[in-house]
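The listed protein sequences derive, respectively, from chains A and B.
Just so we're on the same page, our numbering is the position in the first sequence counted from 1, plus 2.
Just so we're on the same page, our numbering is the position in the second sequence counted from 1, plus 429.
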Amino acid sequence: MTYLLVLAGCVLGTLPLELFLGVRVYRQWRRLLLTLAPVLAVFMTWDVLAVRAGHWHYDPRQTIGIMLGNLPLEELLFFLVIPICSVLALEAVRRVRGWEV
Amino acid sequence: MTYTEAALVGALVTIALDLAILRTRLLTRKAFWVAYLIVLAFQLLTNGILTGRGVVLYSADAVAGVGSHVGHTPPFLGHGRIAYAPFEDLLFGFALVVQTLSWWVFWGRLPQRRARLAATRAGTATRTRRARPTATRRRSTG
Numbered sequence: 003m004t005y006l007l008v009l010a011g012c013v014l015g016t017l018p019l020e021l022f023l024g025v026r027v028y029r030q031w032r033r034l035l036l037t038l039a040p041v042l043a044v045f046m047t048w049d050v051l052a053v054r055a056g057h058w059h060y061d062p063r064q065t066i067g068i069m070l071g072n073l074p075l076e077e078l079l080f081f082l083v084i085p086i087c088s089v090l091a092l093e094a095v096r097r098v099r100g101w102e103v
Numbered sequence: 430m431t432y433t434e435a436a437l438v439g440a441l442v443t444i445a446l447d448l449a450i451l452r453t454r455l456l457t458r459k460a461f462w463v464a465y466l467i468v469l470a471f472q473l474l475t476n477g478i479l480t481g482r483g484v485v486l487y488s489a490d491a492v493a494g495v496g497s498h499v500g501h502t503p504p505f506l507g508h509g510r511i512a513y514a515p516f517e518d519l520l521f522g523f524a525l526v527v528q529t530l531s532w533w534v535f536w537g538r539l540p541q542r543r544a545r546l547a548a549t550r551a552g553t554a555t556r557t558r559r560a561r562p563t564a565t566r567r568r569s570t571g
């Protein structure tokens, strides 16, 4: 459960950026989906191969136990949550400072 | 291939994606670096929880520093670890964040790119139409 709680903290902690700062990330959901698709494909593949090669593994007592092949469900959520938080951070900086990218 | 090697390759491919493939050039922008430093601070915190508590465990054969074992907290700093996580995780995180933001900016610029392309086409067409009468005039006066 530890892993899921950390991810939930990331989602809840960044939510004010969308709700109060008005960064319009979740509201551009098509652009967000187009961004997440290639990132998910690349990093889920890396993860599957890394677990297969024995680079790392997950403590089954700290995940909820739902597996997608050799990965816990939390890994899929990780590659959704962290990219979304990164986009929120970039848009927040742009909004606050008025910098272009 | 070890995690160290994979992480280095991942970081290099990511730089190529931003600078040459998608040409978003985020690595040259101040807004990106400030956002990245913020994300990095939270990465050290959240990944520190995941690696310090042993949610994710690394093989000693795959990382340059020490591996992790169930029931043992890895070093906070040193022996290849930064905030409990193998330093390779910083390259992995860099790749994840830069690839994400590069795609985000790439899709965001799509409407602009389309408009510019249409304007260029229209501009070329106008210049071509104007060029002909000028050439005709010159021939007739010369």
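We put the beta carbon where it would ideally sit given N, CA and C, even for glycine.
Among the options, the one whose alpha carbon lies nearest that of residue i
i: B:L469; options: B:A551, B:Y432, B:R545 and B:A512; result: B:A512
i: A:E93; options: B:R452, B:I444, B:I467 and B:G552; result: B:I467
i: B:G477; options: B:G522, B:A464 and B:A440; result: B:G522
i: A:Y28; options: A:V41, A:P62, A:C87 and A:V50; result: A:C87
i: B:L474; options: B:L437, B:F505, B:L486 and B:L451; result: B:F505
Paired residues, beta bridge with residue i - DSSP
i: A:P2; result: Residue 2 of chain A lies beyond the stretch modelled for chain A, which goes from 3 to 103, so this question has no answer here.
i: A:Y60; result: B:V485
i: B:I511; result: B:L506 and B:A514
Between the CA atoms of residue j and residue i - distance to the nearest angstrom
i: B:G571; j: B:G552; result: Confidence in B:G571 is poor, its pLDDT being 41 and thus under 50, which makes the residue's placement unreliable; the coordinate value appears in the next sentence. Roughly 29 Å between the two C-alpha positions.
i: B:T443; j: B:V527; result: 7 Å
i: B:W532; j: A:L36; result: 8 Å
i: A:A10; j: B:L539; result: 32 Å
i: A:L34; j: A:F80; result: 15 Å
i: B:V485; j: A:A39; result: 24 Å
i: A:A91; j: A:L7; result: 20 Å
i: B:D490; j: A:R99; result: 44 Å
i: A:V41; j: B:L437; result: 17 Å
Environment of residue i [buried if 16+ CB atoms lie within 10 Å]
i: B:L546; result: exposed
i: B:T453; result: buried
i: B:A548; result: exposed
i: A:I84; result: buried
i: B:A435; result: buried
(message) Short of 8 Å Cβ to Cβ, which residues in the segment 84–98 of chain A face chain B?
(response) For the segment 84–98 of chain A, which is checked against every Cβ of chain B, the residues closer than 8 Å are I84, P85, C87, S88, V89, A91, L92, A94, V95 and R96.
(request) Could you name the residues of the segment 454–486 of chain B whose beta carbon sits closer than 7 Å to any beta carbon of chain A, in the order they occur along the chain? (result) Those would be L455, R458, K459, A460, F461, V463, A464, I467, V468, T475, I478, L479, R482, G483, V484, V485 and L486, in chain order.
(message) Please list, in chain order, the residues of the segment 525–544 of chain B that have any C-beta partner in chain A closer than 7 Å.
(response) From the segment 525–544 of chain B, only L525, V526, Q528, T529, L530, W532, W533, V534, W536 and G537 have a Cβ closer than 7 Å to chain A.
(request) Please name the residues in the segment 486–507 of chain B whose beta-carbon is closer than 9 Å to at least one beta-carbon of chain A, in chain order. (result) The segment 486–507 of chain B vs chain A, Cβ under 9 Å: L486, Y487, S488, D490, A491, V492, S497 and V499.
(message) Using a Cβ-Cβ cutoff of 8 Å, what residues of the segment 47–60 of chain A are near chain B? List them in chain order.
(response) The segment 47–60 of chain A vs chain B, Cβ under 8 Å: W48, A52, A55, G56, H57, W58, H59 and Y60.
(request) Scan the segment 28–49 of chain A for residues whose Cβ lies nearer than 9 Å to a Cβ of chain B and list them as they occur along the chain. (result) Within the segment 28–49 of chain A, the qualifying residues are Q30, R32, R33, L34, L36, T37, L38, A39, P40, V41, V44, F45 and W48.
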